[in-house]
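Throughout, the numbering used here is defined as the position within the sequence shown, counted from one, plus 182.
Virtual Cβ for every residue (Gly too), placed ideally from N, Cα, C.
Notes follow the structure.
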Amino acid sequence: MTTLLGNSLKLLLVSSPLGALGSGSGGGVELTLRNIATELVRRGHSITIVATQGSTSWGMPLVEIAGSPQISAQTQGRDAPTIIPASSVLANFWDYVRQVQTDFDLVVNFAYDWLPFYLTPFLKIPVAHVVSMGSLTEAMDEIIERVAIECPGTIGVHSLAQAATFPFANHCRYLGNGIDLSVYDFCAKPSPWLGWVGRIAPEKGLEDAVAACQLTGIPLKIMGFLQHKDYWQQILQDYPTAPIEYEGFLSTAELQKCLRECRGLVMTPRWVEAFGNVAIEALACGVPVIAYRRGGLVEIIEDEKTGFLVEPDSVSGLVEAIGKLDKIDRYACRQRVERDYSTTAMGDRMEHWFQDIVSK
Ligand code: HBI
């Protein structure tokens, strides 16, 4: 079987060890892995997904592995030690990879964890690492840099801003990201409310979006995985009269049905978002994005054209941008995603990357 760029590859995609694919606990990586896998199958490559027991694989070949999940990397301090729990699902993932590696051309690692990077030189086949976050700990920076130098061209990042957080920025391969535009319906005439989408956790800064809606009186629909219950309760206590509604953790189809109707999406990251999948999902529906000028979002949103980039952590900046939403041409938002973030555009970047690694 040959594909656009040569013969088809046998790819082993190893998921994030946080929780089951489809549960939301893996955050943006779940959508990223799904879109990459689906697009590469469409291009004639063969895919096998390794993920935690209870995962969905959207109809693609899946190997479910049991074991204890990793602690979320962004909850650790910069000097956090590498922790591997008893009966670690991550260690079980890579035991499996070692056993079957000769049946594949390339492993694609989606875990932001020390072990897959450390094991890379021990394996017989190459590993392409899709790094899902910016710099978080010394131990991760050190082990990713070692692989970046020993296995040149195998460290993939979603944005230049994310690469810039690492001391080895110039060793990173830009991947961007991509979504299947056919599942996002353009909406020309929005409803009056605003949207906020993401894991409900401190690094996502939801309280600022709630504060801005309290000030403007514009209702806010909140969608996403309720990861941090105390954090959510604190917001409800601090803003008892804010016009907010929690819609729950939604499937992509349900998410876009609600998201597309929003006048605008508000993104309030406290940290360097490696990319901002939610931003391209909103833009695909014609929804302008108001975001703090931070991380990968700066490369996605064109200020005053497809949304507004706001002074980081400035609620008044959010309020001012909300007042200007009607200036944005909603169709320009859709066109931006069609140009750079379709699964075709992303698939080209991934296919070139994988072929470059395998041909070395
Ligand atoms: N933490 N330890 C660890 N491993 C991951 O793969 C990981 C994580 N935290 C968050 C995360 N992945 C995903 O939500 C990324 O999409 C951000």
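- Distance check between tyrosine 474 and each of Val492, Val289, Phe457 and Glu481 places Val492 closest, using alpha-carbon atoms only.
- Within 7 Å of the C-beta of valine 232 there is not a single heavy atom belonging to the ligand HBI.
- For lysine 306, the number of other beta carbons within 10 angstroms of its own is below 16, and it is reported as exposed.
- Non-local beta-carbon contacts of alanine 248 in its own chain, meaning distances under 6 Å to residues more than five positions away in sequence, involve Gln235 in chain order.
- Separation of glycine 387 and aspartate 285 (C-alpha to C-alpha, rounded to the nearest whole angstrom) is 44 Å.
- The residues Thr185, Ser190, Leu191 and Leu193, in chain order, have a CB closer than 7 Å to that of histidine 227 in the same chain once the five nearest residues on each side in sequence are set aside.
- Taking a contact as a CB-CB distance under 8 Å, the pair proline 298 and tryptophan 276 counts as one, their CB atoms being some 6 Å apart.
- Of the candidates Lys403, Gly338 and Gln409, Lys403 places its Cα closest to the Cα of glutamine 438.
- Between proline 470 and leucine 507 a beta carbon distance of about 6 Å is seen, short of the 8 Å cut, so the two are scored as contacting.
- In this structure, the CA atom of histidine 534 is about 38 Å from the CA atom of aspartate 495.
- Within the segment 457 to 524, the alpha helix (DSSP H) runs of at least 4 residues that lie entirely inside it are, in chain order, 459 to 466, 479 to 482, 497 to 504 and 512 to 522.
- Between the segment 453 to 467 and the segment 369 to 388 there are three or more inter-stretch CB-CB distances shorter than 8 Å, so the stretches are counted as touching.
- Assignment of methionine 532 by DSSP, reduced to helix, strand and coil, places it in the helix class.
- Around the beta carbon of isoleucine 483, 16 or more other beta carbons sit within 10 angstroms, so the residue counts as buried.
- Following the DSSP letters along the chain, one finds tryptophan 240 in no alpha helix (DSSP H), marked with neither H nor E.
- Distances from the CA of alanine 527 to each of Gly360, Glu385 and Ser270 were compared; the closest alpha carbon is that of Gly360.
- Per the coordinates, the alpha-carbon of isoleucine 417 lies some 15 Å from the alpha-carbon of valine 379.
- The Cβ-Cβ distance between alanine 393 and valine 497 falls below 8 Å.
- Comparing C-alpha distances from glycine 406 to each of Gln252, Gly259 and Glu212 shows the shortest one belongs to Glu212.
- A distance criterion of 7 Å places the beta-carbon of isoleucine 253 in contact range of the ligand HBI, judged by its closest non-hydrogen atom.
- When DSSP states are grouped into helix, strand and coil, valine 313 belongs to the coil group.
- By the criterion of a C-beta distance shorter than 8 Å, arginine 512 is surrounded in its chain by Phe368, Cys369, Ala370, Pro372, Gly468, Val469 and Pro470, once the five residues flanking it on both sides are discounted.
- With a cutoff of 8 Å on beta-carbon distance, isoleucine 504 and threonine 398 are scored as near each other.
- Inclusion of alanine 255 and serine 197 in the CB contact set at 8 Å is not warranted, their separation being larger than that value.
- When only Cα atoms are considered, valine 271 and leucine 195 end up about 15 Å apart.
- Selection Leu447, Thr220 and Ser205 evaluated against serine 237 yields Ser205 as nearest (Cα-Cα).
- Take the alpha-carbon of alanine 346 and the one of cysteine 333: they are about 19 Å apart.
- As the crow flies, the alpha-carbon of glutamine 396 is around 38 Å from that of phenylalanine 292.
- In this structure, the straight-line span from the alpha carbon of glycine 358 to that of glutamine 281 is close to 31 Å.
- Between serine 341 and glycine 478, the CB-CB gap stays under 8 Å.
- A residue is called buried when at least 16 other Cβ atoms come within 10 angstroms of its Cβ; isoleucine 218 meets this threshold and is buried.
- Residue nearest to aspartate 362 within the set Thr220, Gln537 and Leu200 is Thr220 (criterion: CA-CA distance).
- The beta carbons of proline 267 and serine 250 sit about 4 Å from each other, so the pair counts as a contact at 8 Å.
- Taking 7 Å as the cut-off, the C-beta of glycine 209 counts as close to a heavy atom of the ligand HBI.
- Excluding the 5 residues flanking it on each side, glutamate 520 has same chain C-beta neighbours closer than 7 Å at Leu363, in chain order.
- Relative to the non-hydrogen atoms of the ligand HBI, the Cβ of tyrosine 294 comes within a distance shorter than 7 Å of at least one.
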